[in-house]
Amino acid sequence: MSDEKKTFDFAPKTLGAGFIHKKDLVLAIILVAFGAFMYYEAGKFPEAPAILGDTLNADVFPKMLITILFILVAIIPFEFKLTPAKIAKIDKDRGDKTPPITWISILLLLTIVSFAEFLGAVVTMFITCLLLPLVWGERNYIAVAIYSVVFPGFVYLLFNKLLGLYFNPGILELLK
Amino acid sequence: MEDVIRGFVLLMEVQNLLLIFGGVLVGVLVGALPGLSSPMAIALLMPFTISLDPVASISMMAALYCAGTFGGSITAILINAPGAPPAVATALDGYQMAKNGEPGRALGLAAVSSVLGGIFAIVIFLFATPLLADIALKFGPVEYFGLSVFALSMLAAMSGKSSIRNLVAGALGVFVSTIGVHLATGVERYDFDIQELTEGIKFVPVLIGLFAMSELLAQSKTLNNAVERMSAKALRLPTIAELKSLKGTILRSSGLGTFIGILPAEGSTVAAMMGYNEAKRFSKTPEKFGTGCAEGIVGPEAANNAAAGGAMVPTLALGIPGSGTTALILAALVMHGFRPGPYLITETPHLVYAIFGAMLFANFAFLGIGLVGARFFSYVTFIPKRFLWPSVFVFSLIGSYAYSSAIFDVWVMLLSGIIGYFALRNGFSPAPFVMGLILGKMVEETFTQSMVIYESNFMNFFDSGVFIFFVILTVISLSSPFWPQIRAKFKPKTVE
Chain H
992 MSDEKKTFDF APKTLGAGFI HKKDLVLAII LVAFGAFMYY EAGKFPEAPA ILGDTLNADV
1052 FPKMLITILF ILVAIIPFEF KLTPAKIAKI DKDRGDKTPP ITWISILLLL TIVSFAEFLG
1112 AVVTMFITCL LLPLVWGERN YIAVAIYSVV FPGFVYLLFN KLLGLYFNPG ILELLK
Chain W
47 MEDVIRGFVL LMEVQNLLLI FGGVLVGVLV GALPGLSSPM AIALLMPFTI SLDPVASISM
107 MAALYCAGTF GGSITAILIN APGAPPAVAT ALDGYQMAKN GEPGRALGLA AVSSVLGGIF
167 AIVIFLFATP LLADIALKFG PVEYFGLSVF ALSMLAAMSG KSSIRNLVAG ALGVFVSTIG
227 VHLATGVERY DFDIQELTEG IKFVPVLIGL FAMSELLAQS KTLNNAVERM SAKALRLPTI
287 AELKSLKGTI LRSSGLGTFI GILPAEGSTV AAMMGYNEAK RFSKTPEKFG TGCAEGIVGP
347 EAANNAAAGG AMVPTLALGI PGSGTTALIL AALVMHGFRP GPYLITETPH LVYAIFGAML
407 FANFAFLGIG LVGARFFSYV TFIPKRFLWP SVFVFSLIGS YAYSSAIFDV WVMLLSGIIG
467 YFALRNGFSP APFVMGLILG KMVEETFTQS MVIYESNFMN FFDSGVFIFF VILTVISLSS
527 PFWPQIRAKF KPKTVE
């Protein structure tokens, strides 16, 4: 028996789906909703002058693409029937919930970027190098302290002083 | 000939040689570090090269690409953790040979076969690129439209978790390329009154987000993974007699790898797997595969490095990326103001030959680096992830901001990374999306031009024989993932 056969029943059993793959159905619905919204938006594009003809309208190509996308997306919930081994592999990868550390990392990165313009490049780098290792469980505080000073310093010297890249001073400008 | 000399002279400038050597070092380093990859390194480097000489910048990226493919084999052999996907097949026999007490020999075989595979592909590249460009110069918009659709259809056959998902990602990439002003009518599309979106989504922040940020988030859950390492002081070059006995495998894999590399969208990973399989199929001792045999190392290594050279052919001659990494090199060409496609070799031939020279140089440089530094590169895997990935984030932050000094691009980078992470979890790879994003403009432009030429009647496209040829190829490529199932269905059942 081939590997494909061996894993054929994996997806339906684990996901409680006999005919349709539930997770992939949700995925397909999200993609269809996105496509439908973009299709609707494309309908609002102004028309090209008549002299250019219908096919040159700005909405033609995006609408064509979205239609192709709909066709492809429609296959996704049934893909586990076509290539069971491959979808079983994907199910294995997404089987575990997104770990809390990943959510925390996302939140931290979003916060850092939200304040990046205000803080400026150097302070943002320093905060990143200080907080990310700590959040990720590094308990060698001396190493973290050295790293959070030395690495941003190295990046600043290399890119700003040597390569002449513009670094937004941000909060540091207030200190001048 | 004059252009070849000009390209080489350009390379010989000390600053350019140093940049290329730097590219090789970074390539071997990121290749050796699991999680880091050549596309990621190129995406991160791209914005910093704006102020550098364009020819040197592109050559450095090409050198990094070659070296990154080899770098992955170091950790594949020494710690059974392929630093890059193309080295997965190398680990099968490489790690076993290392475990059998010959890590230096395994590294030596990998390095020499990589160099030979790379040189084989570069020679093909040197001759095939101008020839292919000559043919492509005769193409009109409709033929180019057919070619770019064929290239996108190859995403179905591209290595990845799912053909359908690859195609969906490619279509989404093309869709994202439609954001911004429509050139034919001047209409602003999908800008949602955000001024930055009228110029369209820039490549660089998206590339950094997809390749670096999504991987950072994926790595956040593997912070405590430990690795076991074989000690190897340096690599040991194979003897002439050993090379002679392996020449058939090396030649076959190099040819196979170059061919796979030339196919749009296919890359080194597929080449390496096929190189391994073919080496086993032609071997007199196939039963030794998986136990640490030399053919099991040189087969995939010659193939994956040859594929890297092969992938440059359609990238430079047609403007169609041969792999995910060459899609990034194509983006870098656009960023530096070059015109990818057949005009590249007619307008800036010295650039093409400089890239050729850089790849040749890279092949010898990583052999040298491997000879003296294999031990060091196996140690880099011990850099704690808790320090490595924050550094990647800092580079991502600076790189996406440096591109146009706009915080909007940093947001694009971060959001691309977050979306990319969840997409990755659901079986979508970043490479097909990037291919779509980069080819998108070409697909739409050539489609629009063709519609104008053929009086808005799509069926008239079939007046072109070349277009029909590409349509046939597209159908073959789209159906290829289902061939194994179809073959299995019609295969007569055997009674054991």
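Each protein sequence line maps, in turn, to chains H and W. With positions in the first sequence counted from 1, the corresponding number in our numbering is that position plus 991. With positions in the second sequence counted from 1, the corresponding number in our numbering is that position plus 46. For every residue, glycine included, the Cβ atom is placed at its ideal position computed from N, Cα and C.
Worksheet item: Excluding sequence positions up to five away, which residues of its chain have a Cβ less than 8 Å from the Cβ of Ser523/W?
Response: Within the second sequence, the letter at position 477 stands for residue 523/W. The answer, listed in chain order, is Phe196, Ser199, Met200, Ala202 and Ala203.
Practice prompt. Answer with buried or exposed for Met1055/H, where buried requires no fewer than 16 other C-beta atoms within 10 angstroms of its C-beta.
Written response: Here residue 1055/H corresponds to residue number 64 of the first sequence, with the count starting at 1. Per the 10 Å Cβ criterion, exposed.
Worksheet item: chain W beta carbons: is any one of them nearer than 7 Å to that of Ala1049/H?
Response: Residue mapping note: residue 1049/H aligns to position 58 of the first sequence, counting from 1. Using beta-carbon distances, Ala1049/H counts as an interface residue toward chain W, with a partner under 7 Å.
Item to complete: In angstroms with no decimal places, state the Cα-to-Cα distance between Glu1129/H and Val1135/H.
Response: Translated into the one-based positions of the first sequence, residue 1129/H becomes position 138. Translated into the one-based positions of the first sequence, residue 1135/H becomes position 144. When rounded, the distance between both Cα atoms is 8 Å.
Worksheet entry | Length of the line joining the Cα atoms of Val1146/H and Thr1058/H | As a first step, residue 1146/H must be located in the first sequence, where it is residue number 155. As a first step, residue 1058/H must be located in the first sequence, where it is residue number 67. Our two residues, Val1146/H and Thr1058/H, have alpha carbons roughly 46 Å apart in a direct line.
Practice prompt. Identify, in the order they occur along the chain, each residue of the same chain with its Cβ nearer than 7 Å to the Cβ of Ser496/W, setting aside the five sequence neighbours on each side.
Written response: By one-based count along the second sequence, residue 496/W stands at place 450. So the list reads Pro187, Val188, Phe191 and Phe507, once near-sequence residues are dropped.
Fill in: Helix, strand or coil at Gly17/W according to DSSP, with G and I counted as helix
Because chain W in this structure spans residues 47 to 542, residue 17/W falls outside the shown range and cannot be described.
Item to complete: For Thr115/W, I'd like the list of residues in its chain whose CB is within less than 6 Å of its CB, leaving aside the five on either flank, ordered along the chain.
Response: Taking the second sequence and counting its residues from 1, one reaches residue 115/W at position 69. Pro132, Ser314, Asn350, Asn351 and Ala354, listed in sequence order.
Worksheet item: Phe1010/H touches chain W at which residues, Cβ-Cβ below 7 Å?
Response: Position 19 of the first sequence, counted from the first residue, corresponds to residue 1010/H. Chain order gives no chain W residues near Phe1010/H, where near means a beta carbon separation below 7 Å; the closest approach is about 17 Å.
Worksheet entry | Chain-order list of residues whose beta-carbon lies under 7 Å from that of Thr998/H (same chain, five-residue window excluded) | Indexing the first sequence from 1 puts residue 998/H at position 7. Note that Thr998/H has pLDDT 43, beneath the 50 cutoff, so the model's placement of it is unreliable and no number is given.
Worksheet item: Which full runs of the alpha helix (DSSP H) of 4+ residues lie inside the region 408–462 of chain W, going along the chain?
Response: You should have 431–450.
Worksheet item: Can you give the Cα-Cα distance for Met992/H and Ser526/W, rounded to whole angstroms?
Response: Looking up residue 992/H in the first sequence gives position 1. Looking up residue 526/W in the second sequence gives position 480. Bear in mind that a pLDDT of 37 at Met992/H, under 50, signals an unreliable position, so the model cannot answer this.
Discussion item. By the three-class DSSP mapping on this structure, what secondary structure does Arg235/W have?
Written reply: On the second sequence, position 189 is the one that residue 235/W refers to. Assignment of Arg235/W by DSSP, reduced to helix, strand and coil, places it in the strand class.
Item to complete: Within 10 angstroms of the Cβ of Thr268/W, are there 16 or more other Cβ atoms? Answer buried if so, exposed if not.
Response: Position 222 of the second sequence, counted from the start, is the residue given in the question as residue 268/W. Classification for Thr268/W: exposed.
Worksheet item: Who are the neighbours of Glu1164/H on chain W, taking C-beta pairs under 9 Å?
Response: Walking along the first sequence from the start, residue 1164/H turns up at place 173. Per Cβ cutoff of 9 Å: no residues; Glu1164/H is ~15 Å from chain W at best.
Worksheet item: DSSP state of His1012/H, grouped into three classes?
Response: Numbered from 1 along the first sequence, position 21 holds the residue referred to as residue 1012/H. Residue state, collapsed to three classes: coil.
Discussion item. Contact defined as beta carbons within less than 8 Å: I believe Leu41/W pairs with Phe479/W. What is the distance between those atoms, to the nearest angstrom?
Written reply: Nothing can be reported for residue 41/W: it is not among the residues displayed for chain W, which extend from 47 to 542.
Discussion item. Beta carbons nearer than 8 Å to chain H: which residues of the region 80–99 of chain W have them?
Written reply: So the list reads Phe94 and Ser97, given in the order they occur along the chain.
Practice prompt. Just the chain H side, please: which residues come within less than 8 Å of Thr224/W by C-beta, in chain order?
Written response: Looking up residue 224/W in the second sequence gives position 178. Here the neighbours are Phe1052, Pro1053 and Leu1056.
Worksheet item: For the candidate residues Ala113/W, Arg471/W, Phe221/W and Leu138/W, whose alpha-carbon lies nearest to that of Phe1051/H?
Response: Looking up residue 1051/H in the first sequence gives position 60. A small correction: the amino acid at residue 1051/H is Val; Phe does not occupy that position in the sequence shown. Relative to the Cα of Val1051/H, the nearest Cα in the group Ala113/W, Arg471/W, Phe221/W and Leu138/W belongs to Phe221/W.
Worksheet item: Using a beta-carbon distance cut-off of less than 7 Å, what residues from the region 458–489 of chain W approach chain H?
Response: For the region 458–489 of chain W, which is checked against every Cβ of chain H, the residues closer than 7 Å are Leu460, Ile464, Arg471, Asn472 and Gly473.
Worksheet item: Does the distance from the CB of Tyr1132/H to the CB of Ser451/W come in under 7 Å?
Response: Translated into positions along the first sequence, residue 1132/H becomes position 141. Translated into positions along the second sequence, residue 451/W becomes position 405. Contact: no.
Worksheet item: Is it a yes or a no for the region 175–183 of chain W touching the region 356–366 of chain W, going by three-plus beta-carbon pairs under 8 Å?
Response: The region 175–183 of chain W, when compared against the region 356–366 of chain W, does touch it at the 8 Å Cβ threshold.
Discussion item. Could you check whether the region 149–167 of chain W touches the region 295–312 of chain W, counting it as contact only if at least three pairs of C-beta atoms, one from each stretch, sit closer than 8 Å?
Written reply: Because the criterion of three Cβ pairs below 8 Å is met, the region 149–167 of chain W and the region 295–312 of chain W touch.
Fill in: chain H contact for Arg298/W (CB, 7 Å cutoff)
To locate residue 298/W, count along the second sequence from 1; it is residue 252. With its beta carbon at least 7 Å from every one in chain H, Arg298/W lies outside the interface.
Worksheet entry | Local Cβ density within 10 Å of Trp1094/H, reported as buried at 16 or more and exposed below that | The residue you call residue 1094/H lines up with position 103 of the first sequence. Exposed.
Worksheet entry | chain H contacts from the region 223–247 of chain W (Cβ-Cβ distance under 7 Å) | Listed in chain order, the positions of the region 223–247 of chain W with a beta carbon within less than 7 Å of a beta carbon of chain H are Thr224, His228, Ala230, Thr231, Val233, Arg235 and Tyr236.
Discussion item. According to DSSP, simplified to helix, strand and coil, what is Met47/W?
Written reply: As a first step, residue 47/W is located in the second sequence; it is residue number 1 there, counting from the start. In the structure shown, Met47/W sits in coil (DSSP, three-state: anything other than H, G, I, E or B).
Worksheet item: Taking 7 Å as the CB-CB cut-off, is Ser199/W touching chain H?
Response: Along the second sequence, one-based indexing puts residue 199/W at 153. When Cβ-Cβ separations below 7 Å define contact, Ser199/W makes no contact with chain H.
Item to complete: Return the CA-CA distance between Glu234/W and Gly117/W, expressed in angstroms with no decimal places.
Response: To locate residue 234/W, count along the second sequence from 1; it is residue 188. To locate residue 117/W, count along the second sequence from 1; it is residue 71. When rounded, the distance between both Cα atoms is 44 Å.
Discussion item. Using only the alpha-carbon positions, how far apart do Leu1125/H and Phe67/W sit?
Written reply: For the purposes of this step, residue 1125/H is taken as residue 134 along the first sequence, with counting starting at 1. For the purposes of this step, residue 67/W is taken as residue 21 along the second sequence, with counting starting at 1. Approximately 35 Å, taken between the alpha carbons.
Practice prompt. Go ahead and pull the three-state DSSP assignment for Asp994/H.
Written response: By 1-based counting over the first sequence, the position of residue 994/H is 3. With a pLDDT of 43 at Asp994/H, under the threshold of 50, the predicted position of this residue should be treated as unreliable, though the coordinate-derived value follows. Here Asp994/H sits in helix by DSSP.
Fill in: Whole-angstrom C-beta distance between Ser83/W and Ile296/W, which should lie under 8 Å
As a first step, residue 296/W is located in the second sequence; it is residue number 250 there, counting from the start. As a first step, residue 83/W is located in the second sequence; it is residue number 37 there, counting from the start. Going by Cβ atoms, the distance from Ile296/W to Ser83/W rounds to 25 Å, so no, they are not a contact pair.
Practice prompt. With DSSP as the reference, label Ser475/W as helix, strand or coil.
Written response: One-based indexing of the second sequence puts residue 475/W at position 429. For Ser475/W, the secondary structure class from DSSP, reduced to helix, strand or coil, is coil.
Discussion item. Less than 8 Å between C-beta atoms, sequence neighbours within five positions excluded: which residues of the same chain meet that for Ile1162/H?
Written reply: Taking the first residue of the first sequence as position 1, residue 1162/H is located at position 171. Counting only Cβ-Cβ distances below 8 Å, and skipping sequence neighbours, we find Phe1109, Leu1110, Gly1111 and Val1114.
Worksheet item: When you check each C-beta in the region 436–457 of chain W against every C-beta of chain H, which residues fall closer than 9 Å?
Response: Look at the region 436–457 of chain W: the residues with a C-beta under 9 Å from a C-beta of chain H are Pro436, Ser437, Phe439, Val440, Phe441, Leu443, Ile444, Tyr447, Ala448, Ser451, Ile453, Val456 and Trp457.
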